[in-house]
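For the record, in the sequence shown the residue sitting at position 151 is 152 according to my numbering, with numbers rising by one throughout.
Cβ coordinates follow ideal geometry from the N, Cα and C atoms, glycine included.
So the structure is just underneath, and the comments pick up after that.
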Amino acid sequence: MNNAFGFLASAALCLSAGAAVAEQPADARLDKAVGYFQSMCTGTGGDLKASIKALSDSADFGDEKITDADPLVYGSFTGPDQINASVKIGFDDILDHCTIIVKDSGDAMQTANDIALRLVGGDAEQLLNQDGFGDYPDGGYVIRMDKGAAMVAPLGTGVSADIVHINYFPEG
């Protein structure tokens, strides 16, 4: 077991024994979020317009709000079990990306860790630590991928402290 992961697991056990902590999302819910990320974001080969189409065509996502003011494209979708999605393309200060959003995530950093480990098949050595910045002041995890990179991190700004973003930034 990787020392860092072992430390996190030990810390989580100590916290749960000594104090009331936020309830963590069920494994099935995290698996569902990872599945959406793999099919809707990375499963389109880096074509984010295809990600928008996949989300639009999905039976699981609805309440879509799409703005296509070429070259700026933004899509927002509401999904099941407090799992939502968004896609941003062509913005000046933001890299193009597809995001699966996990709301009501309990301890958001622990949830980000759990999701990141699922994305790398449990191999913690594939996770790169990301220092905090901008919307992600607590940092998170970066995963190198064939056609880009993923970043899993708690959202540190906004109305709630229990939101985790699973971002895919395709190359190009």
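Compute the Euclidean distance between the alpha carbons of residue i and residue j, then round it to the nearest angstrom.
{"i": "residue 147", "j": "residue 104", "result": "28 Å"}
{"i": "residue 153", "j": "residue 27", "result": "18 Å"}
{"i": "residue 160", "j": "residue 125", "result": "31 Å"}
{"i": "residue 99", "j": "residue 168", "result": "6 Å"}
{"i": "residue 82", "j": "residue 136", "result": "23 Å"}
{"i": "residue 145", "j": "residue 116", "result": "15 Å"}
{"i": "residue 31", "j": "residue 59", "result": "18 Å"}
{"i": "residue 49", "j": "residue 69", "result": "13 Å"}
{"i": "residue 111", "j": "residue 119", "result": "12 Å"}
{"i": "residue 128", "j": "residue 134", "result": "18 Å"}
{"i": "residue 162", "j": "residue 107", "result": "9 Å"}
{"i": "residue 1", "j": "residue 33", "result": "This structure does not reach residue 1, given that the chain is present from 2 up to 173, and the question cannot be answered."}
Could you check what DSSP says for residue i in three-state terms: helix, strand or coil?
{"i": "residue 164", "result": "coil"}
{"i": "residue 128", "result": "coil"}
{"i": "residue 156", "result": "coil"}
{"i": "residue 95", "result": "coil"}
{"i": "residue 147", "result": "coil"}
{"i": "residue 1", "result": "Nothing about residue 1 can be read from this structure; the chain reaches only from 2 to 173."}
{"i": "residue 87", "result": "strand"}
{"i": "residue 78", "result": "strand"}
{"i": "residue 70", "result": "strand"}
{"i": "residue 171", "result": "strand"}
Take the Cβ of residue i as the centre, count every other Cβ of all protein chains shown within 10 Å, and call the residue buried at 16 or more, exposed below.
{"i": "residue 95", "result": "exposed"}
{"i": "residue 52", "result": "buried"}
{"i": "residue 170", "result": "buried"}
{"i": "residue 38", "result": "buried"}
{"i": "residue 80", "result": "buried"}
{"i": "residue 173", "result": "exposed"}
{"i": "residue 78", "result": "buried"}
Would you grab the beta carbon distance between residue i and residue j for me? Rounded to a whole angstrom, and I think it's under 8 Å.
{"i": "residue 138", "j": "residue 157", "result": "4 Å"}
{"i": "residue 74", "j": "residue 84", "result": "Not quite, the Cβ-Cβ distance comes to about 21 Å (not below 8 Å), so this is no contact."}
{"i": "residue 40", "j": "residue 29", "result": "Incorrect: roughly 16 Å between the Cβ atoms, too far for contact."}
Is any beta-carbon of chain D found at less than 9 Å from that of residue i?
{"i": "residue 118", "result": "Looking at the structure shown, chain D is missing, and only one protein chain is on hand."}
Item checked: At least three beta-carbon pairs within less than 8 Å, the stretch 64-77 to the stretch 37-45 -> Contact annotation: the stretch 64-77 does not touch the stretch 37-45, with fewer than three C-beta pairs closer than 8 Å.
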